[in-house]
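Engineer:
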Amino acid sequence: MTQKTAKTEASSSREESPQRWLTVRLWATGAVMTLCFGVLLTRAYVLQIQKRDLYRSLAEEQYLREIEVPPHRGRIVDRSDSELAASASVDSVYLEPQKLRAELPDAAHRDPQLAKLASALGLELPEVKKRALSDRHYLFLKRRIAPEEAQRVRQLGLPGVGLTQEPKRYYPNRSLAGPLLGWAGIDAIGLEGVELAYDRFLRGSRASVIGWQDARGRKVMVGGVGDSSRERGHDVHLTLDKFIQFRLEQALEEGVHKAKARAGVAVALDPRNGEVLAMASVPSVNPNDPSGARERGVRNRVVTDPFEPGSTIKPFTISAALEAGAIRVSDDWDCEGGQWRIGHVTIHDADPEGILTTTQVLGRSSNICTSKITRRLGKEKTYLFLRQLGFFAPTGIDLPGERSGQVRPVAEWGDVAFANISFGQGMTATPIQIASAMSAFANGGILYRPHVVSRVVSANGQTVLASHPEGKRVMSAKTASQMRQMLRAVMEKKGTGEDLDIPGYPVAGKTGTAQKVDPNTRRYSPEFWASSFVGFAPYDDPRILLYVMVDEPHEGHYGGKVAGPIFVKVVSAVLPYLGVPPQNSPTVVTTAPMPRPSPSEQYGPPVPVALRYPGVPESQRVPNFIGLGLGKAVELARSSGFRLELSGSGVVVSQEPPAGSARRGPLCQLRLAPSH
818 MTQKTAKTEA SSSREESPQR WLTVRLWATG AVMTLCFGVL LTRAYVLQIQ KRDLYRSLAE
878 EQYLREIEVP PHRGRIVDRS DSELAASASV DSVYLEPQKL RAELPDAAHR DPQLAKLASA
938 LGLELPEVKK RALSDRHYLF LKRRIAPEEA QRVRQLGLPG VGLTQEPKRY YPNRSLAGPL
998 LGWAGIDAIG LEGVELAYDR FLRGSRASVI GWQDARGRKV MVGGVGDSSR ERGHDVHLTL
1058 DKFIQFRLEQ ALEEGVHKAK ARAGVAVALD PRNGEVLAMA SVPSVNPNDP SGARERGVRN
1118 RVVTDPFEPG STIKPFTISA ALEAGAIRVS DDWDCEGGQW RIGHVTIHDA DPEGILTTTQ
1178 VLGRSSNICT SKITRRLGKE KTYLFLRQLG FFAPTGIDLP GERSGQVRPV AEWGDVAFAN
1238 ISFGQGMTAT PIQIASAMSA FANGGILYRP HVVSRVVSAN GQTVLASHPE GKRVMSAKTA
1298 SQMRQMLRAV MEKKGTGEDL DIPGYPVAGK TGTAQKVDPN TRRYSPEFWA SSFVGFAPYD
1358 DPRILLYVMV DEPHEGHYGG KVAGPIFVKV VSAVLPYLGV PPQNSPTVVT TAPMPRPSPS
1418 EQYGPPVPVA LRYPGVPESQ RVPNFIGLGL GKAVELARSS GFRLELSGSG VVVSQEPPAG
1478 SARRGPLCQL RLAPSH
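Per the numbering used here, the very first residue in the sequence shown carries number 818; after that it's consecutive.
Structure representation (structure tokens):
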């Protein structure tokens, strides 16, 4: 019995031993798994909760990018708030190649649609196909397209092809003031002119959207460019007057064409404060399409091109002697019969003269007697006075690219060089320097810094920058008065400008006819001339000063014959426009000042919208865009919830749907035309 029990217990012990180890292994495995799961939970907690922000930012850095969007640049307007440059939202076409191929997998069906798309945008079909086969998620097909192109794309309704809006710079007056305004690039950065000089104000704050990049690091935009209107830059208000600018450009272009000249420049100033009323250069440029401008020699030559001024320097060298008391207006000078030898060089006058007073020397533009006048004053004092008038240094005008003009050091002036400098050879000056210095005669002896910007205004109407006239006295009021009288004598009988006086508006001025140096021979050329005229009117109370220079004319070369008529044409139109009454003259009929034409005068009186469309509630009417410039039309559209399709440039002359009619949707088509 005992033996049997022992065997039974031994057998039971052998059976329980595997079960016990199985249980142990199960518990051990469970404990390990529980431990691992706990570690995973702990790690997940750390990653997902405690360090969530850190790792999310690290991940986003791999694929998210903040993409800058060009903002709406501020407007550039003239002195009466007429737009010269503005920005508006226009459509750009984007392509999602993968979506396009997914919707149109069959090339036989896809290619005809791509052909239509290429035709609608004026693109080459192979290029469109290449982009459609790209492995990129998103790419631009064509940016800143015309309204009619956008409409054709919408009508196609292709999958994976969409439109988004971007700001585009417009110059509604086309080439008006083109070299002065400059232009902005596709990234909304100013490249030339006012656009460059005041870029930090015009550009404003850059907007941005969040985009992502694919495995190859290529940027992909999410949700289009958004609305950057809230980031619009400041408005820049110029001293320019659109009417005067138009008249000046028109007359200069005609004069350059008539003289078959290489180029031309002109600048009009208000001599009372240095404000630039107009500034023109030929050849010009349309800032809406500046391609090839530099190759065609387009630049703002008024500030960038120094040249030998010729006889237009004589008023300044003569006034230096007057101011120093070295001469008097009534002094007599022997002009040597038109030839005077200094050393090995003979100086000539255009017309032989005998004895002339100082006033007559300037009026008849004698090189010989001007040289004698400056010799009495001396080299050092002549140089210092010219320097005081702003020559040989930048004027400080608020435009890029200004050059200063040059002259050799006084120590290197020999007798011949000094004589040449006295009548404008052997030195250079820019048109803006000559015009600015001449203004000191007109305003009583004050030299003002010329400027084109009057103020900068933020989008909310706050003035952030204002220009104030900066003037310094450079000569006595007596000398300035004497010079006005002498410059008036230039326009009288036997003066070089006797044919340039304006009835009712007596002119004071000076002609200039300067030989240019031939770059090949490095000698003065008998063929290349710079013909100029600078003057102001009315001479006893000047309201406008105008400098004109025609470069290398081939039909005549005297300043009084080539540049002078341009001066007369412009000033004759501008003074009545400024409201300056003509002085009594039997040949002059008094006229009222020339007012600016209003939109109603140009396009007819407006009909009240309530009468044209009775019964339409005010809140449902289409706003009236007629007569507005581009910038104001865009602002009105934005505030009233409209989207614009634009054609032409200038001011709005027609719209569809008509003003005052019932709203039929968010789209309004505007046609613009020049206002002059």
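Virtual Cβ for every residue (Gly too), placed ideally from N, Cα, C.
Note the first and the last residue of the continuous beta strand (DSSP E) segment covering A1005.
Structural biologist: Premise fails: A1005 is in no beta strand (DSSP E) and is neither H nor E.
Engineer: Whose CA, out of A1236, K947, L1203, lies closest to the CA of L1264?
Structural biologist: L1203
Engineer: Closest to A1236 by CA distance: which of I1164, P1475, R1145 is it?
Structural biologist: When each option's Cα is compared against that of A1236, the closest is I1164.
Engineer: So if DSSP puts E983 in a beta bridge, which residue, or which two residues, is it bridged to?
Structural biologist: V907
Engineer: Determine the extent of the beta strand (DSSP E) in which A1085 is found, giving its start and end residues.
Structural biologist: Taken as a continuous stretch (DSSP letters only), the beta strand (DSSP E) holding A1085 covers 1080-1087.
Engineer: Can T1191 and S1239 be called in contact, C-beta distance under 8 Å?
Structural biologist: Yes, they are a contact pair.
Engineer: Tell me the residue span of the beta strand (DSSP E) that contains Y1364.
Structural biologist: 1361-1368
Engineer: Is it right to say L1487 is buried, meaning 16 or more other beta carbons lie within 10 angstroms of its own, or is it exposed?
Structural biologist: buried
Engineer: With burial defined as no fewer than 16 other Cβ atoms inside 10 Å of the residue's Cβ, what is the status of F913: buried or exposed?
Structural biologist: Correcting the residue identity first, residue 913 is Glu in this sequence and not Phe. With 16 or more other Cβ atoms within 10 Å, it is buried.
Engineer: Spatial neighbours of L958 within its chain, please: CB distance less than 6 Å, with the 5 preceding and 5 following residues excluded, ordered by chain position.
Structural biologist: V910, L912
Engineer: Could you work out which residue in R953, Q930, K1295, P1211 is closest to P943 when comparing CA atoms only?
Structural biologist: Q930
Engineer: The beta strand (DSSP E) with H1374 in it runs from where to where?
Structural biologist: Element bounds for H1374: n/a, residue is neither H nor E.
Engineer: What are the boundary residues of the alpha helix (DSSP H) that includes H926?
Structural biologist: 924-938
Engineer: If you check the beta carbons only, do V1073 and S1098 fall under 8 Å apart?
Structural biologist: No, Cβ-Cβ distance for V1073 and S1098 is not below 8 Å.
Engineer: Would the beta-carbon of A902 fall within 8 Å of that of Y988?
Structural biologist: yes
Engineer: Tell me, please, which residues DSSP counts as bridged to W1346.
Structural biologist: Q1332.
Engineer: Would you give the residue range spanned by the beta strand (DSSP E) that V1439 belongs to?
Structural biologist: Per DSSP, V1439 lies in no beta strand (DSSP E) and is assigned neither H nor E.
Engineer: Name the two residues that bound the continuous alpha helix (DSSP H) containing D1016.
Structural biologist: Element bounds for D1016: 1016-1019.
Engineer: Kindly indicate which three-state DSSP category A963 falls into: helix, strand or coil?
Structural biologist: coil
Engineer: Starting from the Cα of Q1302, find the closest Cα among F1442, V1146, F1345 and give me that residue.
Structural biologist: Closest by alpha carbon: V1146.
Engineer: Candidates A1228, L1484, K1295: which alpha carbon is nearest G1142's?
Structural biologist: Measuring from the Cα of G1142, the nearest candidate turns out to be K1295.
Engineer: Spatial neighbours of K1198 within its chain, please: C-beta separation below 7 Å, excluding the five flanking residues on both sides.
Structural biologist: A1137, A1141
Engineer: Decide yes or no for the touch test of the segment 890-902 against the segment 955-971: beta carbon pairs closer than 8 Å, at least 3 of them.
Structural biologist: no
Engineer: Using the C-alpha atoms, what's the distance from K947 back to L940?
Structural biologist: 12 Å
Engineer: What's the gap between the Cα of P1248 and the Cα of D1335?
Structural biologist: Straight-line Cα distance between these residues: approximately 21 Å.
Engineer: Does any CB atom of chain D fall closer than 8 Å to the CB of A1454?
Structural biologist: Any reference to chain D falls outside this structure, which holds one protein chain only.
Engineer: In the DSSP assignment, find the alpha helix (DSSP H) that holds M1303 and state where it starts and stops.
Structural biologist: 1294-1306
Engineer: M850: buried (16+ other C-beta within 10 angstroms of its C-beta) or exposed?
Structural biologist: Under this definition M850 is an exposed residue.
Engineer: Is it true that the segment 1218-1236 meets the segment 1101-1108, where meeting means three or more beta-carbon pairs spaced less than 8 Å apart?
Structural biologist: no
Engineer: Using the beta-carbon count (16 or more within 10 Å), is W1000 buried or exposed?
Structural biologist: With at least 16 other beta carbons inside 10 angstroms of its own, W1000 counts as buried.
Engineer: In chain order, what residues of the same chain lie with their CB nearer than 7 Å to the CB of L1019, ignoring the 5 residues before and after it?
Structural biologist: Correct list, in chain order: R890, G891, G1007, E1012, G1050, H1051, V1053.
Engineer: Decide if S1349 is buried, meaning its Cβ has at least 16 other Cβ atoms within 10 Å, or exposed.
Structural biologist: buried
Engineer: According to DSSP, is R892 part of a helix, a strand, or is it coil?
Structural biologist: Note: R892 maps to coil in three-state DSSP.
Engineer: Which residues in the same chain have their Cβ closer than 7 Å to the Cβ of I1144, if we skip the five residues on either side of it in sequence?
Structural biologist: A1138, T1175, I1190, R1193
Engineer: Can you tell me whether S1478 is helix, strand or coil according to DSSP?
Structural biologist: coil
Engineer: Determine the closest residue to D908 out of R1181, R969, K916, L950, with distance taken between C-alpha atoms.
Structural biologist: Ranking the options by Cα distance to D908, first place goes to R969.
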